[in-house]
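Participant: Encoded as structure tokens, here's the structure I'll be asking about.
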Amino acid sequence: MNWVNAVVQGILLGGFYALLACGLSLMFGVMRIINLAHGDLAVLGAFLVWVAVDHTDVSPFLALVPVLGLMYGVGYALQRGLLERSLRAGVLVPLLTTFGLAIVIQNLLLEIFSPDVRSLGGRTGGVTTTSWRISGDLAISKLGVLILAVAITVLGGLHLFLTHAPAGRAMRATAQDVDTAELVGIDSRAVYARAAGISVAVAALAGAFLAIRAAFDPSSGPTQLIFAFEAVVIGGFGSLWGTLVGGIVLGVSQTIGAEIDPQYSILAGHLVFLTVLAVRGRGILGAREAIA
Amino acid sequence: MLLVALAFVPVLLGANATQKLTLLFVLVILAAMWNALAGYGGLVSVGQQAYIGLGAYGTIYLANHNVAPYPALLLATVFAGAVGLPVSYLVLRMRGGQFAIATWVVAEVFAIVVSLDKSLGAGTGTSLIELNRYTPDERRAYTYWLALGAMTFLLALLFVLLRSRLGASLQAIRDDEEAAASVGVRVMAGKRILYVVAALGCGAAGAITLSNTLFIQPGSIFGIQWTAYMIFMVLVGGLGTFEGPILGAIILFLVQDWFADRGVWYLVGLGLTAILFALLLPHGLWGALEERFSLRLLPVGYRVRGLPSRARAAEGDA
Numbered sequence: 091m092n093w094v095n096a097v098v099q100g101i102l103l104g105g106f107y108a109l110l111a112c113g114l115s116l117m118f119g120v121m122r123i124i125n126l127a128h129g130d131l132a133v134l135g136a137f138l139v140w141v142a143v144d145h146t147d148v149s150p151f152l153a154l155v156p157v158l159g160l161m162y163g164v165g166y167a168l169q170r171g172l173l174e175r176s177l178r179a180g181v182l183v184p185l186l187t188t189f190g191l192a193i194v195i196q197n198l199l200l201e202i203f204s205p206d207v208r209s210l211g212g213r214t215g216g217v218t219t220t221s222w223r224i225s226g227d228l229a230i231s232k233l234g235v236l237i238l239a240v241a242i243t244v245l246g247g248l249h250l251f252l253t254h255a256p257a258g259r260a261m262r263a264t265a266q267d268v269d270t271a272e273l274v275g276i277d278s279r280a281v282y283a284r285a286a287g288i289s290v291a292v293a294a295l296a297g298a299f300l301a302i303r304a305a306f307d308p309s310s311g312p313t314q315l316i317f318a319f320e321a322v323v324i325g326g327f328g329s330l331w332g333t334l335v336g337g338i339v340l341g342v343s344q345t346i347g348a349e350i351d352p353q354y355s356i357l358a359g360h361l362v363f364l365t366v367l368a369v370r371g372r373g374i375l376g377a378r379e380a381i382a
Numbered sequence: 171m172l173l174v175a176l177a178f179v180p181v182l183l184g185a186n187a188t189q190k191l192t193l194l195f196v197l198v199i200l201a202a203m204w205n206a207l208a209g210y211g212g213l214v215s216v217g218q219q220a221y222i223g224l225g226a227y228g229t230i231y232l233a234n235h236n237v238a239p240y241p242a243l244l245l246a247t248v249f250a251g252a253v254g255l256p257v258s259y260l261v262l263r264m265r266g267g268q269f270a271i272a273t274w275v276v277a278e279v280f281a282i283v284v285s286l287d288k289s290l291g292a293g294t295g296t297s298l299i300e301l302n303r304y305t306p307d308e309r310r311a312y313t314y315w316l317a318l319g320a321m322t323f324l325l326a327l328l329f330v331l332l333r334s335r336l337g338a339s340l341q342a343i344r345d346d347e348e349a350a351a352s353v354g355v356r357v358m359a360g361k362r363i364l365y366v367v368a369a370l371g372c373g374a375a376g377a378i379t380l381s382n383t384l385f386i387q388p389g390s391i392f393g394i395q396w397t398a399y400m401i402f403m404v405l406v407g408g409l410g411t412f413e414g415p416i417l418g419a420i421i422l423f424l425v426q427d428w429f430a431d432r433g434v435w436y437l438v439g440l441g442l443t444a445i446l447f448a449l450l451l452p453h454g455l456w457g458a459l460e461e462r463f464s465l466r467l468l469p470v471g472y473r474v475r476g477l478p479s480r481a482r483a484a485e486g487d488a
């Protein structure tokens with residue numbers, strides 16, 4: 091029964107990883123940038139929600155709304171101010187600038203907020219603590235289900251946006267061929283900035299859930315980036331639904347690893363990632379298309 | 171000349187200078203290795219700390235198994251290089267940013283495995299007590315000569331590699347991988363050699379760091395800050411130039427000396443400087459100097475950059 095529990099908890103954890111990963115996936119799909127500051131931007135989002143909750147005493151879920159808007163702006167500005175320039179400078183430069191950005195964000199957070207570990211778990215009322223008890227060993231936390239539902243909603247929403255909304259179709263067109271997209275009148279700079287905005291906002295959403303379901307501190311970012319990346323690679327680069335599958339595979343690997351010995355949790359996730367990499371480079375649902 | 175002069179430092183100058191110069195040599199090694207990967211192979215690694223940690227912990231492991239400390243340092247370095255070979259088959263399947271994070275995951279895996287091993291001090295760290303059989307002066311001098319020797323050897327190795335046919339093919343790979351492959355350059359083999367050499371060099375840097383500081387923890391020896399230092403040194407000094415990383419290492423060494431006590435702001439400054447150099451001066455200070463004075467101390471040759479002037483093209487044949 092413990093194993094069943096581990097798998098169920100792993101699937102719920104996978105929802106969180108999928109949410110963390112989908113911004114990374116989108117940005118890579120559209121701009122071919124791996125944003126090495128993705129994890130730190132998520133943690134920045136968590137801190138912003140924390141500040142809002144601390145000052146106004148509202149629920150984190152309410153505080154999230156302005157933070158998402160703000161972080162969309164941050165992503166937009168980041169693309170216009172920094173990434174656009176670095177994209178023009180070659181393949182290596184975006185990696186180097188986003189790595190530099192990660193170091194800057196991390197240390198600024200450290201300077202402003204001190205290395206204390208924080209959590210928003212206590213501020214959300216019943217959702218974080220209650221669960222549905224299925225049997226003696228198996229309990230499903232309401233928060234886990236909520237996060238998985240949010241992840242599916244965000245992925246589904248992005249999918250609909252990319253396939254149906256004019257702005258989303260423009261994004262896909264730009265991802266496939268910038269020059270041709272420009273020829274038919276698409277403003278690729280605006281498309282890129284919008285994609286970066288969405289990516290950073292969703293990262294902040296994941297960061298807020300990190301703060302609610304667990305704890306965070308200024309140095310939490312790199313680990314979150316690695317988990318997000320593992321979910322994307324396991325699921326297959328360029329596939330949004332693959333990201334969900336990848337997140338769940340990663341989550342289940344970690345909870346099963348933890349079932350063997352709590353120390354093996356993260357290691358098990360890394361090993362599954364490396365195995366997928368060794369056996370099948372393109373991931374489980376890997377697509378050749380830019381974004382599907 | 172410079173080498174001979176440097177070799178006498180432990181005899182002539184104090185303990186402090188010896189230890190500091192050892193640190194500088196470690197930085198030069200790290201910068202040169204990272205530059206070999208990124209500047210010549212087009213491979214941005216954010217996981218070279220994997221091999222820094224392996225070099226250090228390999229030494230501890232061997233010393234625990236009755237190998238004398240200095241031979242243990244050498245063996246651990248070779249071990250780190252040897253581990254790089256199988257790992258290269260895994261990470262070189264990826265390109266660009268994917269390669270970057272994959273190398274990072276490898277470093278994390280090594281760090282976790284080490285911190286699970288109680289005989290290696292687990293998460294709290296361990297020290298190389300076997301070095302206590304030497305007096306502090308002897309120890310500093312030996313470590314210093316080892317660092318000087320390792321740096322000289324590794325720079326010479328890179329120089330020879332880059333001057334060889336491989337150097338030309340590597341730069342072809344960096345500039346356009348598909349085009350290089352289409353004219354028969356063995357892309358994978360070239361990248362693999364660079365990756366293994368970089369693993370070896372970073373292993374040496376880790377082993378020397380251990381014998382210089384005597385104490386290590388998995389959290390710091392496998393830490394991402396090493397990558398931040400490497401990127402800073404290479405970007406400021408000059409990505410893809412042979413001399414640039416050496417210049418960058420000297421700059422970081424001085425910056426550390428002056429600002430390290432500012433803690434957090436120091437790292438913020440490093441990050442911002444790296445971003446500015448990446449965007450505004452992509453070939454770093456050395457690249458700018460070279461451009462200005464057509465200076466070339468150690469020509470690794472065959473270089474045709476983005477805007478090949480006539481002079482450059484002619485020089486390539488020299």
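Protein chains in written order, with my numbering: chain S, 91 to 382; chain U, 171 to 488. Idealized CB from N, CA, C, for every residue including glycine. What you are looking at is a predicted structure, and each value in this text was computed from that prediction instead of being measured.
Does the segment 234-243 of chain S touch the segment 101-109 of chain S, meaning 3 or more C-beta pairs lie closer than 8 angstroms?
Facilitator: yes
Participant: Using a C-beta cutoff of 8 angstroms, does T264(S) count as contacting chain U?
Facilitator: Here the question's residue 264(S) lines up with position 174 in the first sequence. Chain U contact via Cβ: absent.
Participant: Cβ closer than 9 angstroms: which chain U residues qualify as neighbours of N92(S)?
Facilitator: The residue given as residue 92(S) occupies position 2 in the first sequence. The premise fails here: N92(S) is roughly 22 angstroms from chain U at the closest Cβ pair, so nothing lies under 9 angstroms.
Participant: Identify which residue in F137(S), G100(S), Q266(S) and V120(S) has its Cα closest to the Cα of L295(S).
Facilitator: Position 205 of the first sequence, counted from the start, is the residue given in the question as residue 295(S). Looking only at F137(S), G100(S), Q266(S) and V120(S), the smallest Cα-Cα distance to L295(S) is reached by F137(S).
Participant: How many Å lie between L163(S) and L316(U) at the Cα?
Facilitator: Along the first sequence, read from residue 1 onward, the residue named residue 163(S) stands at position 73. Along the second sequence, read from residue 1 onward, the residue named residue 316(U) stands at position 146. The question names Leu, but residue 163(S) in the sequence shown is Gly. If you take the alpha carbons of G163(S) and L316(U), they lie about 52 angstroms apart.
Participant: Looking only at its own chain, which residues have a Cβ that is under 7 angstroms from the Cβ of F203(S), when we skip the five neighbours before and after it?
Facilitator: In the first sequence, residue 203(S) corresponds to position 113, counting from 1. Answer for F203(S): F137 and P308, listed in chain order.
Participant: Output, in sequence order along the chain, the residues in the segment 173-188 of chain S whose CB is closer than 7 angstroms to any CB in chain B.
Facilitator: Chain labels in this structure do not include chain B; the protein chains are S and U.
Participant: When the Cα atoms are used, what is the spatial distance from L328(U) to R335(U)?
Facilitator: As a position in the second sequence, residue 328(U) is number 158, starting the count at 1. As a position in the second sequence, residue 335(U) is number 165, starting the count at 1. If you take the alpha carbons of L328(U) and R335(U), they lie about 13 angstroms apart.
Participant: Does the ligand SAM have a heavy atom nearer than 7 angstroms to the CB of R333(U)?
Facilitator: Although the ligand SAM was asked about, the structure shown includes no ligands whatsoever.
Participant: From which residue to which residue does the alpha helix (DSSP H) around A265(S) run?
Facilitator: By 1-based counting over the first sequence, the position of residue 265(S) is 175. Where A265(S) is concerned, the enclosing alpha helix (DSSP H) stretches over P256 to Q266.
Participant: What span of residues does the beta strand (DSSP E) with S231(S) cover, start to end?
Facilitator: Position 141 of the first sequence holds residue 231(S). For S231(S), the enclosing beta strand (DSSP E) has its first and last residue at A229 to S231.
Participant: How would you write the range of the beta strand (DSSP E) that S221(S) sits in, first residue to last?
Facilitator: The count along the first sequence starts at 1 and reaches residue 221(S) at position 131. From DSSP, the beta strand (DSSP E) with S221(S) extends over S221 to R223.
Participant: Around the Cβ of E413(U), are there at least 16 other Cβ atoms within 10 angstroms (buried) or fewer (exposed)?
Facilitator: Here residue 413(U) refers to the residue found at position 243 when the second sequence is read from its first residue. When all chains shown are included, E413(U) counts as buried.
Participant: Whose CA, out of V207(S), R122(S) and L126(S), lies closest to the CA of I302(S)?
Facilitator: By 1-based counting over the first sequence, the position of residue 302(S) is 212. Ranking the options by Cα distance to I302(S), first place goes to V207(S).
Participant: In chain order, what residues of the same chain have a beta carbon less than 7 angstroms from the beta carbon of A127(S), not counting five sequence neighbours either side?
Facilitator: The residue you call residue 127(S) lines up with position 37 of the first sequence. If we look at A127(S) and ignore the five residues flanking it on each side, its Cβ neighbours are T188, L191, A192 and I195.
Participant: In terms of alpha-carbon separation, which member of A298(S), L103(S), L152(S) and L367(S) lies closest to G129(S)?
Facilitator: Within the first sequence, residue 129(S) is the residue found at index 39, counting from 1. That would be A298(S), whose Cα lies nearest to the Cα of G129(S).
Participant: With a cut-off of 8 angstroms, do at least 3 Cβ pairs link the segment 147-164 of chain S to the segment 308-319 of chain S?
Facilitator: no
Participant: Suppose you measure from the CA of A377(U) to the CA of P239(U); what does that come to, to the nearest Å?
Facilitator: Working through the second sequence from its first residue, we reach residue 377(U) at position 207. Working through the second sequence from its first residue, we reach residue 239(U) at position 69. Going from the Cα of A377(U) to the Cα of P239(U) covers about 10 angstroms.
Participant: If the cut is a Cβ gap below 9 angstroms, which residues of chain S does L262(U) touch?
Facilitator: Taking the second sequence and counting its residues from 1, one reaches residue 262(U) at position 92. By Cβ distance, chain S contributes nothing, its closest Cβ being about 11 angstroms from L262(U), past 9 angstroms.
Participant: Would you list the residues sitting across from T443(U) in a DSSP beta bridge?
Facilitator: Mapped onto the second sequence, residue 443(U) falls at position 273. Bridge partners of T443(U): none, in fact.
Participant: In terms of alpha-carbon separation, which member of G212(S), L134(S) and G336(S) lies closest to G100(S)?
Facilitator: On the first sequence, residue 100(S) is found 10 positions in, with the first residue counted as 1. Here the closest residue by C-alpha is G336(S).
Participant: Taking contact to mean 3 or more Cβ pairs, one atom from each stretch, closer than 8 angstroms, check whether the segment 372-388 of chain U and the segment 413-429 of chain U are in contact.
Facilitator: With a cut-off of 8 angstroms, the segment 413-429 of chain U and the segment 372-388 of chain U do not count as touching, because too few Cβ pairs lie within range.
Participant: Using a Cβ-Cβ distance under 8 angstroms, would I237(S) count as near chain U?
Facilitator: Counting from one through the first sequence, the residue named residue 237(S) turns up at place 147. So no, I237(S) is outside the interface.
Participant: At a Cβ cut of 7 angstroms, what residues of the segment 301-313 of chain S count as close to chain U, listed as they run along the chain?
Facilitator: Listed in chain order, the positions of the segment 301-313 of chain S with a beta carbon within less than 7 angstroms of a beta carbon of chain U are P312.
Participant: Can you check whether the CB of A246(U) is closer than 8 angstroms to the CB of L232(U)?
Facilitator: One-based indexing of the second sequence puts residue 232(U) at position 62. One-based indexing of the second sequence puts residue 246(U) at position 76. The beta carbons of L232(U) and A246(U) sit closer together than 8 angstroms.
Participant: Could you round the C-beta distance between T383(U) and E460(U) to whole angstroms and report it? I think they count as a contact, below 8 angstroms.
Facilitator: In the second sequence, residue 383(U) corresponds to position 213, counting from 1. In the second sequence, residue 460(U) corresponds to position 290, counting from 1. Rounded, the Cβ-Cβ distance is 35 angstroms, inconsistent with contact.
Participant: Assuming L290(U) contacts I230(U) under a Cβ cut-off of 8 angstroms, what Cβ separation, rounded to an integer in Å, is found between them?
Facilitator: Numbered from 1 along the second sequence, position 120 holds the residue referred to as residue 290(U). Numbered from 1 along the second sequence, position 60 holds the residue referred to as residue 230(U). Sure, about 6 angstroms apart at Cβ, within 8 angstroms.
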